[in-house]
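In the working numbering, the protein residues as written are 253 to 441.
Cβ coordinates follow ideal geometry from the N, Cα and C atoms, glycine included.
Just so you know, these numbers come straight off a predicted model, no measurement behind them.
Here it is as C-alpha cells:
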C-alpha cells in the first residue's frame, strides 16, 4: 500500500520522464521567456536514454545521489515507457517505471504517471511533463511544467559544458523558475 501511495504522490508532482524543434519563446516582457512546451518535438528522436544534469528537489528523488537517468521507450500501444534510475548513497541502483502519453495538439506536452495502470482513471494521477527546450540535434533538453515547481536539465552525455549549462539555467530563470535549490548531480565542465 505504501508503494501505491508513493506512486500516486510521485505522479501528482512529476510530469522525470519529438520536425523542427522550437527553442525558447520570448513573451516580449523584459526579455522573459514563456513557460510553455515546445511546439514541435520529434518523439522518435527524443526517445532513448537521457542523463540528468540538474533538477529542482523532488521528494521522490531524495535517495538519488548520482548517475540519474531517464530512458524513454515507445510501447506497442503508442504510449511511452518511462524508466527512471539512479545511484543511492549505499551504492545501489534504484528504479521506477512509469508511462507517458502525448497530449493532442501540443507535441512538447506529455502526461506521465508512475501509479499502477488500474489507477490511471484517478484525477491527478497523470502529471504534466513539458519539454520546454530541446537542442536541434537532441543532445540536451529542459523539462518542466506549468507549476514551475519541478525542472530537469537533461543531456545525452553524463556531463555538460559549463557555458551551455549556465545558458539553460538563465533561460529557466527567465521562464520564472526559482533555481536557488537546484541540485546539480553531474559534472559541469
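If you run the structure through DSSP and keep just helix, strand and coil, what is residue i?
i	result
residue 437	coil
residue 378	coil
residue 369	helix
residue 319	strand
residue 285	strand
residue 428	coil
Please report the straight-line C-alpha distance between residue i and residue j, rounded to a whole angstrom.
i	j	result
residue 288	residue 382	7 angstroms
residue 335	residue 406	14 angstroms
residue 277	residue 419	Reliability fails at residue 277, whose pLDDT of 45 lies under 50, so the model's placement of it is uncertain and no value is given.
residue 315	residue 398	25 angstroms
residue 295	residue 387	13 angstroms
residue 385	residue 427	11 angstroms
residue 376	residue 364	10 angstroms
residue 344	residue 318	10 angstroms
Quick one: give me the first and last residue of the alpha helix (DSSP H) that residue i is part of.
i	result
residue 330	Run containing residue 330: none; DSSP gives neither H nor E here.
Between which two residues does the beta strand (DSSP E) holding residue i run?
i	result
residue 350	345-355
Only counting runs of 3 or more residues, tell me where the beta strand (DSSP E) segments fall wholly within the segment 288-315, in order along the chain.
-> 300-307
Any beta strand (DSSP E) of 3 or more consecutive residues that is wholly inside the segment 382-426 = 392-396, 404-407
Is there contact between the segment 290-302 and the segment 351-363, where contact requires at least three CB pairs shorter than 8 angstroms?
-> yes
Would you say the segment 299-319 touches the segment 334-354, given that touching needs at least three Cβ pairs under 8 angstroms?
-> yes
Check whether the segment 341-354 touches the segment 320-332, taking contact to mean three or more Cβ pairs, one atom from each stretch, closer than 8 angstroms.
-> yes
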